[in-house]
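Asks: First the structure, then my questions, so here it is.
Numbering (our numbering), first residue to last: 13 to 517.
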């Protein structure tokens, strides 16, 4: 994704001349890549939350490669009429880019725990920056062959990376079943309801810093060639300087914030402040290339402070189930910043150097102020199950309980198999045959124990029944004897009375 814009920046002046297009039209080469990417990213995020993330990335890389082929072949065969087909290829590349870096960010957050996440996302942003460093140099070198040769780099790189993604990267296996769409969007809505102000503030900062970065690179590429006639590899090396500063700062920032809690928001505010100051300095020293490049290095440092911190706060604001969508929305607005940078800088460049850098300085300062007052790191990094989000997690808790029961069932079965001392045959045997043998051996092993248990239970039942029956018999005998004694007494009383009567007579 990084190569999609940065590698083209050095050859934009050559493209402008070869196709006879305006400054605005050449800026659209960047815009028509970034806008489709920004629009498509939410769909890619939704699919990645419900399907396998690495399959989404591999498919996106394939689309990316096809777009590069269309643009390159159009430039070769259509010559000066190639502008529109090249734009079609760029749109396809933008759609492909939607499923690469944003989903990679979500995948990295899935693989690594919260303690490691800051460092890993810092490394990811650093590698992103290194790609931006290498891509202008690579674009300048390949541009020496022909300006359109750059487009063929995309398929050459994307296809092997897609294959590596499929066969090398191991996605976590404990991913739960996808939520119903209703619950999924309810969770997204809940996240924005509870954390929306902080998220939007972070989104705004990410958009602004990338708008400034790509706008500055666009300006610097044109300025070096038009004013100093610097072309080729040397221009690529100069363009790489501020981006290298950003990459190094990103790596250091990720490592530092991993060890220090609640340090992300302050660094975002400091980074946007440095960026704003650098933009104010540039127009006053635009005639001095060294001071201007030094100021742009500070702009790169400011950007390197901001982006890793935003990445960590935003990816920590949600569970893995919604992370694809949240990171997709974040990267979508970032793409709009990238898309707006070159054409807006192109328009401002026609006015004056002061306006070219004053507008981004104001935006960077505004991003810092907004994040200082409205972005709350403790709110973003709070677990979704806490507080108001707990009710919305009912379904997820139920799913977790079901998964736990399944795990316990597997553990019980493993213990039974171990008790029965089952020795399975080679793995090529039919599964049903192995299953039947397992059941038979388990039953055979447990049968004596079951019989023993049943005998004991039956013996207890018989003893209780014997006691009960004996008691009933004794009771019946006592009652019968009592009745007979009473009858005998009555009979004796009658006989005595009869004898008395007869004696008197």
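Quick reminder that beta carbons are idealized off the backbone N, C-alpha and C, glycines included. Just so it is clear, the structure is predicted and the values come from calculations on it, not from any experiment.
Buried or exposed, going by whether 16 or more other CB atoms sit within 10 Å of the CB of residue 510?
Replies: It is exposed - the Cβ of residue 510 has fewer than 16 other Cβ atoms within 10 Å.
Asks: In terms of residue numbering, what span does the alpha helix (DSSP H) encompassing residue 110 cover?
Replies: Unbroken run through residue 110: none, as it is neither H nor E.
Asks: What are the start and end residues of the alpha helix (DSSP H) that includes residue 174?
Replies: Run containing residue 174: 165 to 179, per the alpha helix (DSSP H) assignment.
Asks: Are residue 344 and residue 71 touching if we call contact CB-CB under 8 Å?
Replies: Contact: no.
Asks: Return the chain-ordered list of same chain residues with a C-beta closer than 7 Å to the C-beta of residue 340, the five sequence neighbours on each side being excluded.
Replies: Cβ within range, chain order: 53, 54, 56, 57 and 114.
Asks: Would you decide whether residue 335 is buried or exposed? Buried here means 16 or more other CB atoms lie within 10 Å of its CB.
Replies: The residue in question, residue 335, is buried, as its Cβ has 16 or more Cβ neighbours within 10 Å.
Asks: Taking only the alpha-carbon atoms, compute the straight-line gap between residue 147 and residue 194 and give it to the nearest angstrom.
Replies: Their backbone Cα atoms lie some 42 Å apart in a straight line.
Asks: Taking contact to mean at least 3 C-beta pairs separated by less than 8 Å, is the segment 97 to 116 in contact with the segment 219 to 239?
Replies: Not touching, per the Cβ criterion.
Asks: Verify whether the separation of the beta carbon atoms of residue 255 and residue 46 is less than 8 Å.
Replies: In this structure, residue 46 does not lie closer than 8 Å to residue 255 by Cβ.
Asks: Can the beta-carbon of residue 312 be found closer than 8 Å to that of residue 257?
Replies: Cβ atoms of residue 312 and residue 257: closer than 8 Å.
Asks: Quick check: the Cα distance between residue 374 and residue 273, rounded to an integer number of angstroms?
Replies: Answer to the nearest angstrom: the Cα atoms are 29 Å apart.
Asks: Measuring alpha carbon to alpha carbon, tell me which of 89, 62, 30 and 20 ends up nearest residue 44.
Replies: Out of 89, 62, 30 and 20, 20 has the C-alpha closest to the C-alpha of residue 44.
Asks: Report all residues from its chain with a CB closer than 6 Å to the CB of residue 314; omit the five preceding and five following residues, and keep chain order.
Replies: Contacts found: 283, 286 and 287.
Asks: Between which two residues does the alpha helix (DSSP H) holding residue 257 run?
Replies: 244 to 271 is the extent of the alpha helix (DSSP H) around residue 257.
Asks: Checking 8 Å against the spacing of the C-beta atoms, do residue 261 and residue 317 come in under that value?
Replies: Yes, the Cβ-Cβ distance between residue 261 and residue 317 is below 8 Å.
Asks: Below 8 Å on the Cβ atoms is my contact criterion, and I expect residue 266 with residue 134 to pass it. Report the Cβ-Cβ distance as a whole number of Å.
Replies: Rounded, the Cβ-Cβ distance is 1 Å, consistent with contact.
Asks: With H, G and I counted as helix, E and B as strand and the rest as coil, what does DSSP make of residue 402?
Replies: Below a pLDDT of 50, predicted positions are generally treated as unreliable, and residue 402, at 41, falls in that range; the measurement from the model is reported next regardless. Of the three classes helix, strand and coil, the one that applies to residue 402 here is coil, per DSSP.
Asks: Between the Cα of residue 319 and those of 353, 309 and 280, spot the shortest distance and give me the residue it belongs to.
Replies: Per the Cα distances, 280.
Asks: Please state if the CB of residue 388 and the CB of residue 324 are separated by a distance shorter than 8 Å.
Replies: Not closer than 8 Å, so no.
Asks: Determine the contact status of residue 251 and residue 232, defining contact as a CB-CB distance below 8 Å.
Replies: Yes, they are a contact pair.
Asks: Tell me whether residue 124 sits in a helix, a strand or coil according to DSSP, three-state version.
Replies: In this structure, residue 124 counts as coil in the three-state DSSP scheme.
Asks: Is residue 91 near residue 183, with beta carbons less than 8 Å apart?
Replies: No, the pair does not count as a contact, with Cβ atoms beyond the cut-off.
Asks: Return the CA-CA distance between residue 94 and residue 87, expressed in angstroms with no decimal places.
Replies: So the alpha carbons of these two residues sit roughly 5 Å apart.
Asks: Is it true that the CB of residue 382 sits closer than 8 Å to the CB of residue 216?
Replies: Cβ distance < 8 Å, so residue 216 and residue 382 count as in contact.
Asks: Taking the runs of the alpha helix (DSSP H) that are 4 residues or longer, which of them lie wholly in the segment 15 to 85?
Replies: Runs found: 24 to 31 and 35 to 62.
Asks: With a Cβ-Cβ cutoff of 8 Å, do residue 75 and residue 100 count as a contact?
Replies: No; because the gap between Cβ atoms is not below 8 Å, this pair is not in contact.
Asks: Is residue 157 helix, strand or coil when you go by DSSP?
Replies: Coil, per DSSP.
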